[in-house]
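A.B. asks:
Protein chains: 2
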Amino acid sequence: MIRVLLAEDQAMVRGALTALLNLESDIEVLGSVADGEAAWRELQRLKPDVLVTDIEMPGLTGLELAQRVRRHELPMKVVIVTTFARPGFLRRALDAGVGGYLLKDSPAEKLAEALRTVHRGGRAIDPELALEAWSDADPLNDRERQVLRLAGEGQAASDIAQQLNLSHGTVRNYLSEAIGKLGVANRIEAYRLARQKGWL
Amino acid sequence: MIRVLLAEDQAMVRGALTALLNLESDIEVLGSVADGEAAWRELQRLKPDVLVTDIEMPGLTGLELAQRVRRHELPMKVVIVTTFARPGFLRRALDAGVGGYLLKDSPAEKLAEALRTVHRGGRAIDPELALEAWSDADPLNDRERQVLRLAGEGQAASDIAQQLNLSHGTVRNYLSEAIGKLGVANRIEAYRLARQKGWL
DNA sequence: GCGTACGAGTGACAGCCGTCATCCGCTGCT
DNA sequence: AGCAGCGGATGACGGCTGTCACTCGTACGC
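These protein sequence lines are chains A and B, in that order.
For what it's worth, our numbering labels the leading residue of the first sequence as 1, then goes sequentially.
For what it's worth, our numbering labels the leading residue of the second sequence as 1001, then goes sequentially.
1. What's the C-alpha gap between T83/A and D1009/B?
2. Tell me which residues share the same chain as A151/A and place their Cβ nearer than 7 Å to its Cβ, disregarding the 5 neighbours each side in the sequence.
3. Once DSSP output is grouped into helix, strand and coil, what is the label at V1184/B?
4. For a test of the three-state rule: what should DSSP assign to E1056/B, helix, strand or coil?
5. What first and last residue would you give for the beta strand (DSSP E) that runs through V1033/B?
6. Quick one: which chain B residues come within Cβ less than 8 Å of L23/A?
7. At the 8 Å Cβ level, is E189/A part of the contact set with chain B, yes or no?
8. Leaving out five residues before and five after L21/A in sequence, what residues of the same chain have Cβ atoms less than 6 Å from its Cβ?
9. Along chain A, in chain order, which residues have C-beta atoms closer than 8 Å to that of K1104/B?
10. Would you call the segment 1110-1129 of chain B and the segment 1140-1147 of chain B in contact, with 3 or more CB pairs under 8 Å?
11. CB-CB under 7 Å to V1050/B, same chain, minus the five flanking residues each way: which ones, in chain order?
12. Buried or exposed, going by whether 16 or more other CB atoms sit within 10 Å of the CB of W40/A?
13. Compare the C-beta of L1111/B against all C-beta atoms of chain A and say whether one is closer than 8 Å.
14. Is there a C-beta anywhere in chain B that falls below 8 Å from the one on R145/A?
15. Once you ignore the five residues that flank G97/A on each side, which residues in its own chain have a CB closer than 6 Å to its CB?
16. Do G1059/B and E1042/B come within 8 Å of each other at the CB atom, strictly closer than that value?
17. Start and end of the alpha helix (DSSP H) containing L166/A?
18. For Q1068/B, collect the residues of the same chain with a Cβ closer than 7 Å to its Cβ; drop the 5 residues on either side in sequence, then sort them by chain order.
19. What in chain B is Cβ-close to P107/A, meaning under 9 Å?
20. What is the C-beta distance between A11/A and A34/A, in whole angstroms, given that I count them as a contact (C-beta under 8 Å)?
21. Please list the terminal residues of the continuous beta strand (DSSP E) segment that includes G7/A.
22. Taking Cβ positions only, does V1081/B come closer than 8 Å to chain A?
23. How is the alpha helix (DSSP H) around T1018/B delimited, first residue to last?
Here's what the structure looks like:
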């Protein structure tokens, strides 16, 4: 019997996935939670065999959860189930030692299958995504990422400078650097590209 | 017996929702499809009582589907199930005469409940969203929307002008108008706000 | 037929953006 | 001590952005 905890913020999807997994005779959903903090609490209380988690959740993200599980050396596997086919996300997940990484685009049967594989000690990584993940690494450094995030919200260089305790000109230098590294024409395209790749 | 067709692009969610609905004894899922065109075909073939559809799908969106159903006067109800709490979307859905509009954030039981209500001829609209929808209408005109969409992709005024066969200056005038109407400081914020409201 | 509202364009101005060369201070290496 | 490397700052340049006042044509209302 595979004992599962499910973390997913959209209630309807959470309910539906629970229904789906409960159809499997060898899988038992111990509980389901809507955010990262709740997941962390229930994780320690219920001690499931596998944590199935989304990435984008209020509070702790699924990636941060996976990192915590690894850091505390909890004896359980983590399977990420997400909408985002972003190479950067997969890489961070692998660095956190997750057992599985599935896209919500892949067929429903794959989920139970992946849980079994991971429970046996194997890995279940979306194959096409796995290729991409090693092809292009994030070329941005910390400052560039910070600056790009804020610029993407529509903030001007001076606003960003104030928030990061940098000078107006330095912010523009970092933005220029980021734009150059990503091979695009302006901050907006840079933001969009970085976001799409899962780098910010 | 309520006969349902399900349209949802994410395969895993599609499978999970099917499992969820099949648990209900008075609901039968006739089929499920992954995009708008397929939904339109199956709609005519299977003649379900209710179409349950996502909004963001390849090809036809759920909103366009609902419009078609209305225009062809097909004898079925439409229930939208979406991630997006955007007033503009709800308003367009209501204009298209949908029977229900639910958020994936609301609990799973609500779905079956909503299907029954709608099947009886009632309406199932997410209550908080319903309020918002009538409060703020889209202040933008067609040109402003077009220009804003392209600006949001990082295009410069001159590029946009070329694509729309307008002059460089006119594009900037429209952008300025949009920025003013939305009460923000620049094109990026304008784009984000308009998008969040479901106006573009 | 006349006023007017509307879509589109023009020109000017101030300020912001993207780029680049250069500089400063600090850390680490040897 | 000497030097390279790095994070950050500076200043200048040209181009783009956001704003505004004004013009022009054309369709519409009466």
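By construction, the Cβ of each residue, glycine as well, lies at the ideal position given by its N, Cα and C atoms.
C.D. replies: Checking against the coordinates, here is how it stands:
1. 11 Å
2. Taken in chain order, the residues that qualify are I160, L175, R187 and Y191.
3. coil
4. coil
5. Per DSSP, V1033/B is one residue of the beta strand (DSSP E) stretching across I1027 to V1033.
6. A1019
7. yes
8. I27 and V29
9. Q10, A11, M12 and V13
10. no
11. I1002, V1004, M1076, K1077, V1079, L1115, V1118 and H1119
12. Counting other Cβ atoms within 10 Å of its Cβ, W40/A reaches 16 or more and is therefore classed as buried.
13. yes
14. no
15. Closer than 6 Å at Cβ, skipping near neighbours: R70.
16. Going by beta carbons, E1042/B and G1059/B fall outside the 8 Å limit.
17. DSSP places L166/A outside any alpha helix (DSSP H), giving it a letter other than H or E.
18. Reading off the sequence, residue 1068/B comes out as Arg, not Gln. Same-chain partners within the cutoff: W1040.
19. In chain order: A1011, M1012, R1014 and G1015.
20. 7 Å
21. The identity of residue 7/A in the sequence shown is Ala, whereas the question assumes Gly. I2 to A7 is the extent of the beta strand (DSSP E) around A7/A.
22. yes
23. A1011 to N1022
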